[in-house]
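A.B. asks: These protein sequences, in sequence, are chains A and B. For the first sequence, the numbering used here gives the first residue as 1, with consecutive numbering after it. For the second sequence, the numbering used here gives the first residue as 106, with consecutive numbering after it. Built from N, CA and C at the ideal position, the CB exists for glycine as well. Quick one: structure below, then a few questions.
Number of protein chains: 2
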Amino acid sequence: MVTKLSDTDREQNLGPLLSAQGGGWSLVDGRDAIKKTFRFADFNQAFAFMTSVALKAEKMDHHPEWFNVYNRVEITLSTHDCQGLSTRDIELATHIEQAAQKSSC
Amino acid sequence: MVTKLSDTDREQNLGPLLSAQGGGWSLVDGRDAIKKTFRFADFNQAFAFMTSVALKAEKMDHHPEWFNVYNRVEITLSTHDCQGLSTRDIELATHIEQAAQKSSC
């Protein structure tokens with residue numbers, strides 16, 4: 001069963017993602033979710049990034065909400081099963097940060 | 106130079122896409138663009154479809170605006186260079202229809 005992040009999880013694991021050093025994710029208004037916009041050199045790099053995220057998401061059976069146009073990818077993460085942020089979102093966001101760094105080389 | 110669809114193009118090529126038989130695309134309010142929502146069995150099929158569309162889009166250098174969550178893909182097409190619908194949108198929409206049929210097998 002998936003449960004929402006505890007206060008300790010939020011402090012220790014979500015906090016860093018929300019910091020500028022950790023990637024600059026932000027909380028979504030009116031919803032227990034996080035979001036971030038990524039920009040790449042072009043569509044080729046943006047879709048390479050999306051493919052990496054898709055493979056990880058499918059492996060985790062935990063999928064993003066995302067919008068793309070050309071080089072921009074806007075991602076929102078939350079966990080449907082618990083109607084809020086869970087450790088799955090932390091894990092996927094961490095992968096997304098790594099994938100973004102690789103795709104923007 | 107890319108130009109907006111002529112009235113003849115709209116009748117002959119856009120019309121069929123807007124019909125139920127041609128895929129059921131619809132015009133976007135307040136903008137010269139078309140949109141359609143696709144639903145697949147799961148994320149795997151949805152992303153397979155997106156990958157096919159991405160390869161075609163990159164080949165055409167004409168990219169969609171699209172949102173995905175799990176098995177749902179919402180696509181909007183318009184041509185930035187002419188601020189409206191062009192033959193590129195007709196060509197990409199036609200490919201998208203074919204890709205959707207293949208991905209939902």
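Taking the continuous beta strand (DSSP E) assigned at V174/B, which residues delimit it?
C.D. replies: E170 to V174
A.B. asks: Alpha carbon to alpha carbon, how far is R115/B from E202/B?
C.D. replies: 18 Å
A.B. asks: Thinking C-alpha only, which one of V178/B, G189/B and K207/B is nearest G135/B?
C.D. replies: G189/B
A.B. asks: Closer than 7 Å by C-beta to A48/A: which residues in its own chain qualify, once you throw out the five before and the five after it? Chain order, please.
C.D. replies: S103
A.B. asks: Just to check my reading of the structure: A33/A and L5/A have Cβ atoms closer than 8 Å, yes? What is that Cβ distance to the nearest angstrom?
C.D. replies: With 8 Å as the limit, A33/A and L5/A do not qualify as a contact, their Cβ atoms being about 11 Å apart.
A.B. asks: Report the neighbours of E58/A on chain B: residues whose CB is nearer than 8 Å to its CB, in chain order.
C.D. replies: Neighbours of E58/A on chain B, chain order: F148, N149 and F152.
A.B. asks: For A100/A, which option in T79/A, V28/A, D61/A and G22/A has the closest C-alpha, if you only look at C-alpha atoms?
C.D. replies: The shortest CA-to-CA distance from A100/A to any of T79/A, V28/A, D61/A and G22/A is the one to G22/A.
A.B. asks: In chain order, which alpha helix (DSSP H) runs of at least 4 residues are fully inside the stretch 138 to 197 of chain B?
C.D. replies: 148 to 165
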